[in-house]
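J.: Just so we're aligned, residue 21 is where the sequence shown starts under the working numbering, counting upward by one. We put the CB at the ideal spot given by N, CA and C, even for glycine. As the structure is a computational prediction, the values presented were derived from the model and not from experiment. The following block contains the structure, expressed as structure tokens.
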Amino acid sequence: LPPHFLSLIDWSDPLQDPVMRQYVPLASQTLPDHWLLTLEHSPAEGIIHKYPDRAVFNVTPVCPMDCRYFTPSYTVRTGPQALHKQRFLPVQKKWDAMLDYISRTPSLAEILICGDDAYPLSPDHLRDICGRLLEIPHIRRIQIASKGMAVCPSKLIDPKDEWANTLTDLARQGREMGKRVEFHTHFNHPQKITWITESAAQRLFKEGVIVRNQTVLLDGINKDGGLLRELIKQLASMNIEPCLVQGDMVRGIEDLHAPVHEIIGLEAIQGSTAGSMTP
């Protein structure tokens, strides 16, 4: 875990800490995984195409954090001894085939650059991939997904950081072409938000970068209406658009999976949040 995240953990009770539980699994709680349900939707190595107009473009098997609830967590590093990891190395030489599939699939309008995180990409690679995607006529939206704002927000407030500057340049280029280049991040609990996070979010807002947040509903961590209201309130104050999703049943999150019949009760938060910031 990066130092920034270690500073957010309540070390007086780490096993119950909402930040710690999202990233450190217990072997006693795991069950057989069925990650093939995701891999069988891969028409080209590195591409996951599950929905008609949207595909995931996996760029690297490296991530700043090993999130237990992350769908492609089967590819990240080697993991704990209790878990088997699928080897997945979408190196640069494979990107041409991935981009070729996207260009030959006119039903696609939205591409999520992920797998496992876009933060480790070099600025040149980020610019190359997004630039080539923007040139494909039927691609209208590009989403650059990263936990970077939550894990290492200082990178985004450095005016000399090439990655952050590349992100803002791509968003500007997209607007000039009538397309959207967005930044997607993960905040599942208010405890993750710090003054550094707020500074990073405001910098991107001033630069015209749309930032959207995916909050994964996790049992024992954020499956609480009051807590989610506070999280959404803080995200809104940073000009980050909220979204709530139910986590996939990947191995290692059995204790975090929130049943649908319990999630339905969280609809109550819709009556206490402004319409534009209602998930």
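#1: Can you round the beta-carbon distance between Cys263 and Asn233 to whole angstroms, since I take them to be within the 8 Å contact cut?
#2: Taking Asn78 as the reference, give the member of Glu65, Tyr71, Lys70 and Pro72 with the closest Cα.
#3: Can you give me the C-alpha to C-alpha distance between Ile273 and Gln36, rounded to a whole angstrom?
#4: Name the two residues that bound the continuous beta strand (DSSP E) containing His8.
#5: Grouping DSSP H, G and I as helix and E and B as strand, with all else coil, what is Arg74?
#6: Once the 5 residues before and after Arg249 are set aside, which same chain residues still bring their CB inside 7 Å of it?
#7: With contact counted as at least three CB pairs below 8 Å, one residue from each stretch, are the stretch 147-156 and the stretch 120-138 in contact?
#8: Let me know if Pro173 comes out buried or exposed under the rule of 16 or more other beta-carbons within 10 Å of its beta-carbon.
#9: I need the straight-line Cα distance from Ile164 to Val76, nearest angstrom please.
#10: Over the uninterrupted beta strand (DSSP E) stretch that includes Val265, give me the two end residues.
#11: Please classify Arg232: does DSSP put it in a helix, a strand, or coil?
#12: For the ligand FMN, is there any heavy atom lying closer than 7 Å to the beta carbon of Phe77?
#13: Taking only the alpha-carbon atoms, compute the straight-line gap between Val201 and Gly246 and give it to the nearest angstrom.
#14: Taking Leu146 and Ala138 to be in contact with their CB atoms under 8 Å, please state how far apart those CB atoms are, rounded to whole angstroms.
#15: Excluding sequence positions up to five away, which residues of its chain have a Cβ less than 7 Å from the Cβ of His24?
#16: Short of 6 Å in beta carbon distance, which residues of its chain neighbour Ile177, apart from the five on each side in sequence? Order them along the chain.
#17: In the DSSP assignment, the beta strand (DSSP E) including Ala165 goes from what residue to what residue?
#18: Give the straight-line distance between the Cα atoms of Arg161 and Ala191, rounded to the nearest whole angstrom.
#19: Between Thr205 and Ser166, how many whole angstroms is the CB-CB distance? I'm expecting something under 8 Å.
#20: Judging by CA-CA distance, which residue of Ala117, Thr217, Ile29 and Pro157 is the nearest neighbour of Pro63?
#21: Could you tell me which of Lys113, Leu251, Leu238 and Glu261 sits nearest to Val280, measuring between CA atoms?
T.: The structure says:
#1: Approximately 6 Å separates the beta-carbon atoms of Cys263 and Asn233; this is inside 8 Å, confirming the contact.
#2: For Asn78, the nearest C-alpha among the options comes from Glu65.
#3: Rounded to whole angstroms, the separation of the alpha carbons of Gln36 and Ile273 is 15 Å.
#4: The first residue shown for the chain is 21 and the last is 299, placing residue 8 beyond what the model contains.
#5: Strand at Arg74.
#6: Same-chain partners within the cutoff: Ile289, Ser292 and Thr293.
#7: Yes, they touch.
#8: Looking at its Cβ environment, which holds 16 or more other Cβ atoms inside 10 Å, Pro173 is buried.
#9: About 10 Å.
#10: Element bounds for Val265: Ile260 to Gln266.
#11: Residue state, collapsed to three classes: strand.
#12: As presented, the structure is devoid of all ligands, the ligand FMN included, so that no description of it is given.
#13: Spanning the two alpha carbons is a distance of roughly 32 Å.
#14: Distance from Leu146 to Ala138 at the Cβ level is roughly 7 Å; contact confirmed, criterion being Cβ atoms closer than 8 Å.
#15: Taken in chain order, the residues that qualify are Val171 and Cys172.
#16: Here the set comprises Ser219, Ala220 and Arg223.
#17: Element bounds for Ala165: Arg161 to Ala165.
#18: In a straight line, the C-alpha of Arg161 is about 10 Å away from that of Ala191.
#19: Contact holds; Cβ gap of about 6 Å.
#20: The residue from Ala117, Thr217, Ile29 and Pro157 with its alpha-carbon nearest to that of Pro63 is Ala117.
#21: Taking only the C-alpha atoms, the option nearest Val280 is Leu238.
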